[in-house]
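Asks: Handing you this structure, nothing more for now.
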Amino acid sequence: MPIIGVIPARGGSQRLPGKNIRPILGKPLVAYTIEAALEASTLARVIVSTDDDEIARISRDFGAEVVMRPKELASATAPIDDALRHVVDFLRENEGLSIEAVVSMQANNPVRKGGEIDDVVRRLIATPWATAVATAYKLSERPEWAKIVIDEQTMEIRPFMDAGTMYRMQDLRRLYLLDGATIAVPTEVLQKAAGDGRVHVYLGERIVIEVHDPMYAVEIDELEDVQLAEFYLARWPRTIAQRLHGGSAPLTPARS
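Below is the structure:
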C-alpha cells in the first residue's frame, strides 16, 4: 500500500487573508511545501486538500494533485485530521485505493530542511511500534521560569509554577514542541481517531519525534512571520547538496 503526502491548505485565514497563496520571495506560499513534497522519494503521491479554487489552481500548476474538501471541513475550527481522513476516504471511494500511511505537511511552513520528509517517513517505517512520527524542536525557554499576570490593570505577576522550588537548568529535562511541519501517521491510527476532536489525539499514544532547528518550524500566520521566512529563505537557500545528502549538508549563507 502506498504512503501519500497531504498538504492541507484551506482558503480562509482570519489573521493573514490569502496566506496560502501569498507571494514569499515571489513564489506562492503553498508552492514551497509542494516542491519539498515532490522531491521526497518515499511519497507515492502529493495531494493538496483545499476548499479554495485559486489554491487548487496554483497547486496543480506546481505539480500537486488536488482533492477539494467540503466547506464544513475547512472552517477555522475544523480539526486537521478530518481533512486527512477525507483524502483517504476519497481515494478509497473513487479509486479503490488503500493507503498505508499519510504524511501531513503544513502549507504555511515554507522553510523546509532538504530530505526531512523522507527522514520522517523512514523513521516511521523503521519504528513499527510508533503511532506517529512528527517534527519537533527543543524549547529554549522554560515554563518553570515563566510568570503569569494576575492583574491586567497593574500587571502584577506570580510564578507560573511552584514558587517554592528553585529550578536550575542542569536539573531540568529537555522539552520539545511538536511544530506540525511534517507528521507521518499510519492510516489505521488516523481512522481510529475519527470523531475525537482533541488536539493530537489522531497521532496515537506512542509518538516519535524528528528533531530539527526552530528555523524549520517558522509558520506563516502574521506579517512578521513572512518577513522572518523570507530572511531565512533568502539567506539559506535549499541547495542541490542538501537534497543529495538528505539535508545533512551544512547551510551556507547566500552571498549578498
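Numbering (our numbering) for the sequence shown: 72 to 327.
Every residue, glycine too, gets a C-beta built ideally from N, C-alpha and C.
#1: Tell me Ser84's beta-bridge partners as DSSP assigns them.
#2: Ends of the beta strand (DSSP E) at Ser120?
#3: Less than 7 Å between C-beta atoms, sequence neighbours within five positions excluded: which residues of the same chain meet that for His283?
#4: Could you name the residues that DSSP lists as bridge partners for Thr345?
#5: Within a Cβ cutoff of 8 Å, which residues of the same chain sit near Ile74, ignoring the five residues on either side of it in sequence?
#6: In the DSSP assignment, the alpha helix (DSSP H) including Ala265 goes from what residue to what residue?
#7: Assuming the contact rule is C-beta atoms closer than 8 Å, Val20 and Val138 should be a hit. Round their C-beta distance to whole Å, please.
#8: Given a threshold of 16 other Cβ atoms within 10 Å of its Cβ, counted over all protein chains shown, does Gly266 qualify as buried or as exposed?
#9: Would you kindly report the start and end of the unbroken beta strand (DSSP E) that includes Ile78?
#10: Between which two residues does the beta strand (DSSP E) containing Ile280 stretch?
#11: Since Leu100 contacts Ile228 with CB under 8 Å, what's their CB separation in whole angstroms?
#12: Using DSSP with H/G/I as helix, E/B as strand and the rest coil, what is Arg194?
#13: What is the DSSP secondary structure of Arg326, reduced to helix, strand or coil?
#14: For Ile105 and Gly134, which I take to be in contact (beta-carbon distance under 8 Å), what is that distance rounded to the nearest angstrom?
#15: Do Ile92 and Ile129 have their beta-carbon atoms positioned less than 8 Å apart in this structure?
#16: DSSP state of Arg229, grouped into three classes?
#17: Cβ atoms of Ala145 and Arg81: under 8 Å apart, would you say?
#18: So Gly76 and Ala111 are in contact, right, with Cβ under 8 Å, and what is the actual spacing, rounded?
#19: Give me the Cα-Cα distance between Thr121 and Ile219, rounded to the nearest whole angstrom.
#20: According to DSSP, is Val137 helix, strand or coil?
#21: Under the three-state reduction of DSSP, which class applies to Val101: helix, strand or coil?
#22: When burial is assigned at 16 or more other CB atoms within 10 Å of the CB, is Gly318 buried or exposed?
#23: Would you decide whether Val182 is buried or exposed? Buried here means 16 or more other CB atoms lie within 10 Å of its CB.
#24: I'd like to know whether the C-beta atoms of Asn180 and Ala252 end up nearer to each other than 8 Å.
#25: If contacts are defined as beta-carbon pairs under 8 Å, then Ala149 and Ile78 qualify, I think. What distance do you get, rounded to the angstrom?
#26: With Met232 and Pro214 assumed to form a contact (beta carbons below 8 Å), what rounded beta-carbon distance in angstroms separates them?
#27: Around the C-beta of Asp190, are 16 or more other C-beta atoms found within 10 angstroms, so that it is buried, or is it exposed?
#28: Can you tell me whether Met72 is buried or exposed, with buried defined as 16 or more other CB within 10 angstroms of its CB?
Replies: So, to answer that:
#1: According to DSSP, which records beta bridges pairwise, Ser84 is partnered with nothing at all.
#2: 116 to 121
#3: Lys184, Glu187, Thr206, Tyr208
#4: Outside the displayed range of the chain (72 to 327) lies residue 345, so it cannot be described from this structure.
#5: Thr113, Leu114, Ala115, Ile170, Glu171, Ala172, Val173, Val174, Val192, Ala255
#6: Segment: none, Ala265 is in no alpha helix (DSSP H) and carries neither H nor E.
#7: Look at the range of the chain in this structure, 72 to 327, and you will see that residue 20 is not part of it.
#8: By the C-beta density criterion, Gly266 is exposed, having fewer than 16 other C-beta atoms within 10 angstroms.
#9: Ile78 -> beta strand (DSSP E) spans 74 to 79.
#10: 278 to 282
#11: The distance from the Cβ of Leu100 to that of Ile228 is about 37 Å, inconsistent with a contact at the 8 Å cut-off.
#12: helix
#13: With a pLDDT of only 35 at Arg326, under the threshold of 50, the placement of this residue in the model should not be trusted, and no figure is reported.
#14: 6 Å
#15: yes
#16: DSSP, reduced to helix, strand and coil, places Arg229 within a strand of the structure shown.
#17: Yes, they are a contact pair.
#18: 7 Å
#19: 38 Å
#20: The DSSP-derived three-state label of Val137 is strand.
#21: helix
#22: Model confidence at Gly318 stands at a pLDDT of 42, short of 50, so the residue's coordinates are unreliable and nothing is read from them.
#23: buried
#24: yes
#25: Actually they are not in contact, since the Cβ atoms of Ala149 and Ile78 sit about 16 Å apart, beyond 8 Å.
#26: 6 Å
#27: buried
#28: exposed
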